[in-house]
């Protein structure tokens, strides 16, 4: 299938390739028919590699789709990929609910962490476009449903995996990974954060979508709270002196909720652009009236100093609206 044909289907015939909107975290394509349409990704993640930005996210019932860009504004489906997929379900464990992918380049290998059928998984490739595959088709935790796994490699080289467990509503845990980045060390698993602030208690009990960076000697975790279906879905942050915690939430969270005319804003991740600027990518609802298809937005992140307290993470509310190229 040609790129032009894929884009035509994305805009006009999304239901033929992608999940119906009733699925928990799946998005069908934008049926507006506009020449330039918003990028239809939930749970978006952007990786910058060798002059190209790669955006992955929740969208397809058959795996994980990827879009590419050289300027963050204009995006397209790469040539040569079947239905635009970097990962196809035939190459990995699970056959439904492919959510929240994140891709990292480590020592020449690309690692995709993602959820399938409410289990956390990891697949590898030698190319950011895939195909991402599992040599052994299995989830990282076989006997428990978990979602939203995110990798953080500390300065000393220790790899950590953050993920959501369902044992207190939806809450965030962490564990060390083995050196090959494919397996969890079960004895290192420990809780990070759970619902504890008033703004998080709208409905239901949700802390999810962790992403961790290091700033000024501290570790900063962004996370999302409330149901992704709620217009009050939003982003907060917590800090710790160690990747394992203990984590302390910023007392004036959320730092991103209903910016401009957007609602249902959340499941964010961060990346450095080609100029070294710290960016944040997130999704929002389709409109005030409908959740799906969710769309991808990009903003910038800065830090504000505070006397003896940790710097405050600040998200610029003047967000960018990426567009899909259709020619």
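Numbering (the numbering used here), first residue to last: 22 to 348.
By construction, the Cβ of each residue, glycine as well, lies at the ideal position given by its N, Cα and C atoms.
Exposed or buried, residue i, counting other C-beta atoms within 10 Å across all chains shown (16 or more means buried)?
i: residue 246; result: buried
i: residue 156; result: exposed
i: residue 327; result: exposed
i: residue 186; result: buried
i: residue 83; result: buried
i: residue 71; result: exposed
i: residue 311; result: exposed
i: residue 169; result: buried
i: residue 224; result: exposed
i: residue 281; result: exposed
i: residue 47; result: In this prediction, residue 47 scores a pLDDT of 43, lower than 50, which makes its location untrustworthy; no coordinate-derived value is stated.
i: residue 229; result: buried
By DSSP, does residue i sit in helix, in strand, or in coil?
i: residue 243; result: strand
i: residue 351; result: What is shown of the chain runs 22 to 348, which leaves residue 351 out entirely.
i: residue 207; result: helix
i: residue 175; result: coil
i: residue 220; result: helix
i: residue 111; result: helix
i: residue 274; result: coil
i: residue 192; result: strand
i: residue 386; result: This structure leaves residue 386 out entirely; the chain is present only between 22 and 348.
i: residue 282; result: coil
i: residue 20; result: No information on residue 20 is available, as it lies outside the stretch 22 to 348 that the chain covers here.
i: residue 156; result: coil
i: residue 134; result: strand
By Cβ distance, which residues of its chain are closer than 8 angstroms to residue i, with the 5 residues on each side in sequence left out?
i: residue 130; result: 145, 146 and 147
i: residue 300; result: 67, 93, 291, 292, 293, 294, 319, 320, 321 and 322
i: residue 283; result: 305, 306, 318 and 340
i: residue 267; result: 261
Output the distance between the C-alpha atoms of residue i and residue j, rounded to the nearest integer angstrom.
i: residue 59; j: residue 344; result: 5 angstroms
i: residue 103; j: residue 142; result: 22 angstroms
i: residue 279; j: residue 285; result: 7 angstroms
i: residue 51; j: residue 298; result: Only weak support is given to the placement of residue 51: the predicted model assigns it a pLDDT of 35, under 50, and the value that follows is read from those uncertain coordinates. In a straight line, the C-alpha of residue 51 is about 30 angstroms away from that of residue 298.
i: residue 125; j: residue 65; result: 14 angstroms
i: residue 254; j: residue 61; result: 18 angstroms
i: residue 115; j: residue 137; result: 5 angstroms
i: residue 316; j: residue 303; result: 8 angstroms
i: residue 154; j: residue 329; result: 47 angstroms
i: residue 222; j: residue 120; result: 24 angstroms
i: residue 177; j: residue 161; result: 23 angstroms
i: residue 73; j: residue 163; result: 35 angstroms
i: residue 91; j: residue 76; result: 11 angstroms
i: residue 123; j: residue 135; result: 6 angstroms
i: residue 272; j: residue 243; result: 14 angstroms
i: residue 80; j: residue 88; result: 11 angstroms
i: residue 232; j: residue 183; result: 8 angstroms
i: residue 128; j: residue 309; result: 44 angstroms
In its own chain, which residues sit with a C-beta less than 6 angstroms from the C-beta of residue i, not counting the 5 before and 5 after it?
i: residue 239; result: 260 and 331
i: residue 180; result: 174, 198 and 202
What does DSSP give as the partner residues of residue i in its beta bridges?
i: residue 325; result: 333
i: residue 161; result: Note: residue 161 sits in no beta bridge, so no partner.
i: residue 260; result: 241 and 269
i: residue 73; result: 70
i: residue 300; result: 292 and 321
If I measure Cβ to Cβ from residue i and keep anything under 7 angstroms in the same chain, skipping five residues before and after, which residues do I get?
i: residue 270; result: 214, 217, 218, 257 and 259
i: residue 113; result: 137, 142, 144, 154, 155 and 158
i: residue 167; result: 140, 141, 184, 185 and 186
Between residue i and chain D, is any beta-carbon pair separated by less than 8 angstroms?
i: residue 183; result: Structure shown: chain D not included; a single protein chain is present.
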